[in-house]
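Comments concern the structure below.
There are 2 protein chains.
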Amino acid sequence: MKNINISFSSPKSYLLILILILILIPISSSTFSQSKTQKLDLMPYPQKIEIKEGKFRLTPDFTIAIKGSGNERIYKSASRTLRRIANRTGLFLLQDFITNNDETDTCDLIISCLKPGKVILGEDESYSLNINERKIYINASTDLGAMHGIETLLQLIAVDEEGYYLPAIKIDDFPRFPWRGLLIDVCRHFMPVDVIKRNLDGLAAVKMNVFHWHLSEDQGFRVESKIYPKLHELGSDGFYYTHEEVKDVINYAAERGIRVIPEFDVPGHATSWFVGYPELASAPGPYKIERNWGIMNPTFNPTIEETYTFLDNLFGEMCELFPDEYFHIGGDENNGKQWDANEGIQKFMKENGIEDNHALQAYFNNRILNTLTKYGKKMIGWDEILHENMPKNIVIHSWRGKEALVKSAQQGYMGILSNGYYIDLIQPASFHYLNDPIAADSPLSESEKKKILGGEATSWAELVTYETIDSRIWPRTAAIAERLWSAQNVIDVDGMYKRLDRIEYLLEEHGLLHIKNYDMMLRRLTNNTDFTALKNLVDVVEPVKFYQRHFQGVKYRQHSPYSRIADAARPESKTAREFSRAANNFLENANKEDCNYIKDILINWIGNHDKLKITMNVSPIIREIEPLSNNLKLTAQLTLDAIELIELNIKPDLDWTLKSTSILEKAKKPYGQVELRVIDAMEKIIKKCCSD
Amino acid sequence: MKNINISFSSPKSYLLILILILILIPISSSTFSQSKTQKLDLMPYPQKIEIKEGKFRLTPDFTIAIKGSGNERIYKSASRTLRRIANRTGLFLLQDFITNNDETDTCDLIISCLKPGKVILGEDESYSLNINERKIYINASTDLGAMHGIETLLQLIAVDEEGYYLPAIKIDDFPRFPWRGLLIDVCRHFMPVDVIKRNLDGLAAVKMNVFHWHLSEDQGFRVESKIYPKLHELGSDGFYYTHEEVKDVINYAAERGIRVIPEFDVPGHATSWFVGYPELASAPGPYKIERNWGIMNPTFNPTIEETYTFLDNLFGEMCELFPDEYFHIGGDENNGKQWDANEGIQKFMKENGIEDNHALQAYFNNRILNTLTKYGKKMIGWDEILHENMPKNIVIHSWRGKEALVKSAQQGYMGILSNGYYIDLIQPASFHYLNDPIAADSPLSESEKKKILGGEATSWAELVTYETIDSRIWPRTAAIAERLWSAQNVIDVDGMYKRLDRIEYLLEEHGLLHIKNYDMMLRRLTNNTDFTALKNLVDVVEPVKFYQRHFQGVKYRQHSPYSRIADAARPESKTAREFSRAANNFLENANKEDCNYIKDILINWIGNHDKLKITMNVSPIIREIEPLSNNLKLTAQLTLDAIELIELNIKPDLDWTLKSTSILEKAKKPYGQVELRVIDAMEKIIKKCCSD
C-alpha cells in the first residue's frame, strides 16, 4: 500500500484525517487479518478468516455427508475429496463413494448446499467453511460454492506430531470477479484431452471458473465439424477434438464448476480454414497450414455472402456443441493486407460507405453478431472488435492494454482483462499478481467498474508443447487466480510467493507435470547422465522474456524442437529469488547466515563450469549455453572477491572495478535464449564493494 | 547355457561330439556376436547385427522418405520419428510431415516396405536396417516391420564430440514369437485412455504387438454397452470407456502395429455384471460392485438360456467393436461355490451327465465358443478353459504354470504364457527375463513348439493406480519383450540390465511416468519438504513380493491409499543391485574402489536414520518404516565394522557374531510392506568376516 503523507498545517486537516481513518479501518483490519493468518498457505486468499482454538484430527474414521439438494456433481466432488485426503495422508478411509445413503448427522464433514449451481456467468460461488474440533461444515448457496469450500479445506490440511489435522477456523469467502479464466491455445501446438483435463483440475483447485479454448488459428483448426469436415480433415494434421471429446471436456469442466468458452478466431488468424475452403479467403488460394509464427495475411472475405452462410452454418453447429452463453470470435490482428489488395473488397467498401478496414471488420462482426444472437449466444472478442458501430451487449477481451478496458467500460461495454496476464511472455508471478483489472486509481465510476467482469491468463502456444505447457501455466496462474478472486488489498508479494510455493506442490496431485518434467527434460538434455551440474546452472536461468526468443537468430516453427534448455528452464527461478533476498539481507543488515549461504552457492557456481563441461561432452544439445556457464563462474568469482573486500572493508582498485563492470555486462547477455537471473543481485554486491 | 559333460569313454562319443559341435556353432557365433555388440544398447536385441566402420551424422538437413507401397500409417510413424529425433538432439529439422511428395533419392533415411501390414497374428514383422556414412535404409516386407526398424534406429542414436550420429551397421531382425503382449487390468483400478496410450507407445518401442485389455472384473465393468447399458452404468462407478474411446485406442494401437485383445471374464470374476443383471448369477441378488480383493463367489448361471442370450448379444456387440480375430473370455478362478449351492444347477448337471464343475464350465465355454464362432472370432481363455471337451482351435493362456502350456501344446492346443510374467508380483526383471515360453529342455517336439505363440506380461491392478502403473510395467516389461522377440540364447543377465537402464530412460519420451512419479511420490510423502533422507532409504527397499502385501495386517481395498512408501518404492532397487555387485567384487577380488564405494554408502546409511527422523516429524505417513530405517543403520554399522575386521584380518569375538546374527535377522523383516534389499549383500560381508 502507498505511504500517505498528511500535513497538519490547517484545521481542515483534522476532518481529512478522520475521513482517512474511517476509510482505512476496514483496510487495516483486513491487512491485520491477512498477516495474522498468513501462516495459512491458502490461495486464492479467502475474503474473511477467523482462526479459532483447536484442531480437527483426521483419522481413518473420517466421513463425509451431503445435505440439502445434493446433485450428482457434489457427490462426485466429495468422493474425489476422499481420495485426495487418503492419498496425502495414507489413511485407509472407510467410505468408497459419498451417496445420499450416508448418515448426515454422524458424519465428520457435512456439506450443505441449497441448490445445484448453474455453470454460467454470475452464479453464486460463495461458501463458508467452519471447522471445530469435532465437525466440519461447508455451507453454500450452490454446490459450486461448496466445491470451492472443499478446495480451501484441502489446502488447510496440516500436520503435527500427532498426525494430520485441520485447524479450527471460520472462513467466509466469495469471488471478487465472476470471470476468472485461463485461455489455452491448442492450435499452435495441439494439446491432447488429458492435458486439458489435468489443467481443468488445476483451475478448479485455485477456484478459477472459465476455460477459454482457443480452437482455431493459422496453424490449425482443432475441432471436428460435421458440416464442413474439410476444416478438421485438411486443417489440423489429424490433431483435432471429436465432438465426443469436446462434450467430454465440457462435462469434465462443468463437474468442476468451470465454463468452457470456445474461440473461433475470425476474420484473421484463419489460414487453416482456407486449406479446405479457399473460396472464403480474401485472396485466391491454394492455402497450406501455416508452419511459421507471426501475423499472417489470410483473412475471410467479408463482402461475399458465402462467408456468412458458411459461418452461420458452422457457428450453428458449434453453438450447439458448446453450451455456454458466450462465444468468442477472436477478431485480433487482422492486418488488412488481403483486403487492401482485393479490388472487389475495395469496391464494396466504397459502395457501402465503409471508410476503413476497422469499419469493415465492424460490419463483418455485426453480421456475425446476428448469427450468434440467432443461436442465443452473446459475443465476446478481442480489443479489435470494439467499434462505435457495435452494440453494447458484446464483451471486450482486452489484450493490448488496460486503457482499452477502461475505455470500453466507459462506453458501456462489458470487458475482461488479459493484458498483463500473458503467461507465455515468461514474466514473474509478482508482475501478474499486481496487475489488477481495476487499478486502485481507476477513473471508472462504481457502475462502470461493474462492467469489468474479470480476466483470463493466456497460454499461447507458439513455444509451448504438451511437455512444457504445465510449467508455463503453473504455478504463475495461481497468482492470477488470487488476483481475480481475493480482495483488492491482498497484494503482499512476499506472502504470495510463500503461499505459491506450497500451492505449486499441491497442484501436482492432479497429475500436472509442471514440477516433474523439469528433471525429465534435464535427463534428456544430458543423455541420461548425471545432470547435477546442468541443474545447478538451469536453476538460475530463465527463458528470455516477451517475444525475444524469436529475435535471437533462431527461427522457431511449429515443429522445431521445444526440448532445449530454454524449454526446460522454469519461467521463474526460485534459486534466484532466494539468492536475491539473501543478497539484500547481507547488504542491508550484514546478515551472517545469509552471507554464508551466498558464499557457499558462489563457490558452487564457480566449480560448476568445469563439471558442466564434462556433461557437454555427451550432450551436444546443451553446448549452446557454455558461455553462460562461464559467465556465471566469472561473475560468481567477482562476487566472492567483493564480499571479501566488503568484509575487510577494503575498496578495490580501478582495474578490478573496470574488469568487474565488463564481466557483469557480458554476463547479462543471453545464450540459447536463456539468461542468468542472478546477475542483478551479484551486481548489487559488486557495486556495494566499489562504492564508499 | 548349461555346462555339458561329455564322457570320452567310447568311440561313439566322437560322433556325438561332432553333432554337438555342429549344433553349438550357430549358438557360439551368435553369442560371440552378442558380446561383440553388447555396447549397443538395443532392446529387444536384434537377431543379427554386423557392425561396420563409420558414422552417419545427424544434422538439421536430415530427411526421411518412404518408398514402396506407403500407407498412411508409415507416413505418420515417420513423421513422429522426426519429432523424436528433434526432441532428443535439439536439431531444427526441415520436414514438417513425411508425405509422398518427399523426393526419395535425395533423402537420408529411406524406408521401403512392400505392402501395408495387417495387424493380425502372424503378420510379417521382419526388417533390415542398413546404415552407412551417407544413407540409412530400412527395408521390410510390411510397414509393421519397418516401424520395428525405426524403433531400432532410434535406440541407436549416439553421441560423440562432434555431435549426434548413428553407427554404420547392418541389422537383420525378426521376432522369435508372433504373440508378444501386455495385459492391463483396468478393472481393479480404472486406467484412463491417456495411461493406455502412453503404454501402447512403450509397447511399440520394445516391439511388442499385443495389448490385452482386461475389461471386466468383480470390481468393475469398464466398457460401454449400448445393448445392456446397466453393465457400465451400474457396474463401473462411472469409470468406463465409451465406444468412441475404445475405437480411438484400437486405432492408436493399430497405428503402432499392436493388436488389441479384449477380455470379458466369464463365468466367474463377474460380480460387477450382476449389479445391473442379477438374474444371470447363480445365486439371487442384489449385487454390489466388489470393493475387496480375492476370489469371489458370483458366477454366471450356465444352466439358463438367459445367460447365453445375454452373452450372445453382448459379445456380438463387442466382437464388432474389437476387430481382432481373438476374443478372450477369461474363465479363471471360478470357485464353484454358487454352482454347488444352487439346486437347479445341480439338477441340470445330473440330468445332462455333467460330472463336475470343470465339466460344467466346459459346457458353458462350448456354448460361448459357438457364439464367438458365429461372430467369426477365435476363443482364448485362461488355463481353466482347457478341458477334453473343448475343440482344438482355442488358445490356452497359461497363468498357473508352464507345465499347463506344455500339456496343452501336447494335446494340440495353441498357447501363450503369462506364468512367470506376472509383473504385479514385483519380481526382478532377471526372473522374467529367464522365463522362456519354451524351456531349453522342453519335452515338446518341433511341431508342438510351434503351438506356443508367445506370451504376455500381466499388469494386474489390485495394488496399482494410474499413478503407479507405469513404474510397475516399466522397465521390467522391456526384459519380457526381449525374451519374446530375441533369440533363445540371448540370456546374459548383466548385459540385459545394462541395456535395460538405457531403455528405461528412452521410454520416458512417450510421456511414461515410471521415472518421474518416484520423486513426485516422495515429495508428497514428505509433505513437500526435503526428501533426501527418505530417498536414501526408499532407494534400497522394494515392496514385498508375490501376494505378501495382503497378509501383513493391512486390508487393502479398491479405494485404499496407494500412495505410501510401498507404492513409491520401485519393484527393483538399482542401488541394491549396484551395492551387491560391489560387495561381491570386494569379497572376491578385494577391489579397493568398490570397498571405498561400500564404505561411503554405509556411512551415509548410518547417518541417514537421524535425518529421516526429522522428516518423520512433518510426515506421519512415513512413520511406519522407522524400524526399517533403524535396521538399515544398525546393519550398515555392523557391515562397516566387518570390513574393518576383514581389512585388519581380525576375527570378531562370539558376542559380536551373535549380535550380528540377531541384527541381520531383524533387518530382514518388512515394515510398511517394504523390505530392505541390501541385507543379503551386507550379510555376505558380515559372514565373511566371521568365517575362517
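Chains S and B are the protein sequences, given in the same order.
Just so we're aligned: 506 in this note's numbering is position 506 of the first sequence, and the numbers increase by one with no gaps anywhere.
Just so we're aligned: 1222 in this note's numbering is position 530 of the second sequence, and the numbers increase by one with no gaps anywhere.
The C-beta atom is built at its ideal place from N, Cα and C for all residues, glycine as well.
Indicate the three-state DSSP secondary structure (helix, strand or coil) for residue i in the structure shown.
i	result
Val618 (chain S)	coil
Ser236 (chain S)	coil
Arg1420 (chain B)	Since the first residue of chain B shown is 693 and the last is 1384, residue 1420 (chain B) is not available in this structure.
Ser126 (chain S)	coil
Tyr556 (chain S)	coil
Cys805 (chain B)	strand
Ala1173 (chain B)	helix
Glu675 (chain S)	strand
Glu588 (chain S)	helix
Ala860 (chain B)	strand
Val898 (chain B)	coil
Glu1450 (chain B)	With chain B covering only 693 through 1384, there is no way to say anything about residue 1450 (chain B).
Phe348 (chain S)	helix
Tell me where the alpha helix (DSSP H) around residue i begins and ends.
i	result
Pro954 (chain B)	It is not in any alpha helix (DSSP H) - Pro954 (chain B) instead sits in the beta strand (DSSP E) that spans 951 to 955.
Thr142 (chain S)	Per DSSP, Thr142 (chain S) belongs to no alpha helix (DSSP H); it is in the beta strand (DSSP E), 136 to 142.
Trp965 (chain B)	963 to 968
Leu1145 (chain B)	Here Leu1145 (chain B) belongs to no alpha helix (DSSP H); instead the beta strand (DSSP E) covers 1144 to 1151.
Gly1045 (chain B)	Neither: Gly1045 (chain B) is in no alpha helix (DSSP H) and is coded neither H nor E.
Leu1350 (chain B)	1346 to 1359
Gly1022 (chain B)	It is not in any alpha helix (DSSP H) - Gly1022 (chain B) carries neither H nor E in the DSSP assignment.
Ala975 (chain B)	Run containing Ala975 (chain B): none; DSSP gives neither H nor E here.
Val246 (chain S)	243 to 254
Glu542 (chain S)	Looking at the DSSP string, Glu542 (chain S) is not in any alpha helix (DSSP H); the run it does join, the beta strand (DSSP E), is 541 to 543.
Asp641 (chain S)	626 to 648
Specify, as a first and last residue, the run of the beta strand (DSSP E) that residue i falls within.
i	result
Val902 (chain B)	902 to 906
Arg57 (chain S)	48 to 57
Ile66 (chain S)	64 to 68
Alpha carbon to alpha carbon, how far is residue i from residue j?
i	j	result
Lys889 (chain B)	Ile131 (chain S)	43 Å
Phe1123 (chain B)	Gly1112 (chain B)	8 Å
Leu1198 (chain B)	Leu1324 (chain B)	33 Å
Ala1225 (chain B)	Lys1343 (chain B)	33 Å
Asp143 (chain S)	Asn1309 (chain B)	36 Å
Arg502 (chain S)	Glu123 (chain S)	29 Å
Leu129 (chain S)	Tyr137 (chain S)	6 Å
Phe531 (chain S)	Arg523 (chain S)	6 Å
Ser580 (chain S)	Trp460 (chain S)	30 Å
Glu388 (chain S)	Phe364 (chain S)	14 Å
Gly353 (chain S)	His212 (chain S)	35 Å
Thr458 (chain S)	Gly762 (chain B)	41 Å
Lys1070 (chain B)	Glu1017 (chain B)	6 Å
Under 7 Å Cβ to Cβ from residue i, same chain only, skipping five residues before and after it: list those, please.
i	result
Ile685 (chain S)	Ala583, Leu587, Thr639, Ala642, Ile643
Glu1025 (chain B)	Gly960, His961, Ile987
His214 (chain S)	Leu183, Ile184, Asp185, Val186, Cys187, Glu263
Gly235 (chain S)	Gly220, Phe221, Ser272, Trp273, Val275, Gly276, Ile289
Ser769 (chain B)	Met839, Ile842
Near residue i, which residues of its chain fall below 6 Å by C-beta distance, leaving aside the five closest residues on each side in sequence?
i	result
Ile1088 (chain B)	Leu1078, Ser1100, Tyr1105, Gly1107
Asp1286 (chain B)	Ala1274, Asn1277, Phe1278
Val678 (chain S)	Val540, Ala576, Phe579
Below 8 Å CB to CB, which residues in the same chain sit around residue i once its five sequence neighbours on both sides are set aside?
i	result
Asn972 (chain B)	According to the sequence as given, residue 972 (chain B) is Leu; it is not Asn. These residues qualify, in order along the chain: Trp965, Phe966, Phe992, Asn993, Ile996, Glu998, Thr999, Phe1002.
Could you tell me which whole alpha helix (DSSP H) segments of length 4 or greater appear in the stretch 1052 to 1111 of chain B? 1094 to 1102
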